[in-house]
């Protein structure tokens, strides 16, 4: 089993070493080194990239587990990241999981992460998680949505659509103005 999941290529989103349904030997070097492959759904690559990944591969990518070690790099390294904070004992979390997983298969331009609040208690505390499930959405490293409670498929789709439609220039200007105001006081 992999010690930590590799992040997707910044250009084409290939996750080196992960199983591809069309190209099962996407990265034979990693397989030969015994790092193991796992399946997380599908991700179609739009074009060739400078890293040499080839157009047409279908690469595994649906929901990923996020830890305290990977949270920052996941948010910083991707345009849109949704994070579901959950726990195994939480019944609303279990009801929300299929909705979240289905959305992850539909939106290949969004990273869908999951944080197990029992295993990642420090991360949950740093994120001020007081009730679960809790969904957070980040766009260009900025937290743009946070809400506790299980969403139905329509509500989740509305959140994703709204996050994609944000005018990020305006959001960044607003964040900068808030930071300047905080420094003055």
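In the UniProt record's numbering, the protein residues as written are 1 to 185. Built from N, CA and C at the ideal position, the CB exists for glycine as well.
Using CA atoms only, rank isn't needed, just tell me which of the options is closest to residue i.
i: residue 170; options: 91, 73, 64 and 140; result: 140
i: residue 66; options: 112, 95 and 93; result: 112
i: residue 77; options: 106, 110 and 105; result: 110
i: residue 108; options: 180, 62 and 185; result: 62
i: residue 133; options: 79, 73 and 99; result: 99
i: residue 92; options: 168, 152 and 176; result: 152
i: residue 159; options: 120, 103, 183 and 90; result: 103
i: residue 72; options: 90, 126 and 174; result: 126
I believe residue i touches residue j by the beta-carbon criterion, under 8 Å. Please report the beta-carbon distance rounded to the nearest angstrom.
i: residue 144; j: residue 137; result: 5 Å
i: residue 135; j: residue 147; result: 6 Å
Between residue i and the rest of its own chain, which residues show a CB-CB distance below 6 Å, the 5 nearest in sequence each way excluded?
i: residue 32; result: Unreliable positioning characterises residue 32 in this predicted model, as indicated by a pLDDT of 32, which lies under 50. The coordinate reading is nonetheless provided below. So no residue of the chain qualifies.
Let me know if residue i comes out buried or exposed under the rule of 16 or more other beta-carbons within 10 Å of its beta-carbon.
i: residue 161; result: exposed
i: residue 131; result: exposed
i: residue 2; result: Its pLDDT being 30, under 50, residue 2 is placed unreliably by the model, and nothing is read from it.
i: residue 124; result: buried
i: residue 70; result: buried
By Cβ distance below 7 Å, which residues in the same chain neighbour residue i in space, the five residues on each side in sequence not counted?
i: residue 75; result: 81, 138 and 141
i: residue 122; result: 68
i: residue 163; result: 80, 137, 139, 144 and 145
i: residue 166; result: 139 and 144
i: residue 101; result: 62 and 63
i: residue 120; result: 67 and 68
Which same chain residues, not among the five before or five after residue i, have their C-beta less than 8 Å away from its C-beta?
i: residue 172; result: 140 and 142
Inset, instruction - Answer yes if the segment 86 to 99 comes into contact with the segment 115 to 129, meaning at least three C-beta pairs across the two stretches below 8 Å, and no otherwise. - result: A contact between stretches requires three or more CB pairs, one per stretch, nearer than 8 Å, and the segment 115 to 129 meets this requirement with the segment 86 to 99.
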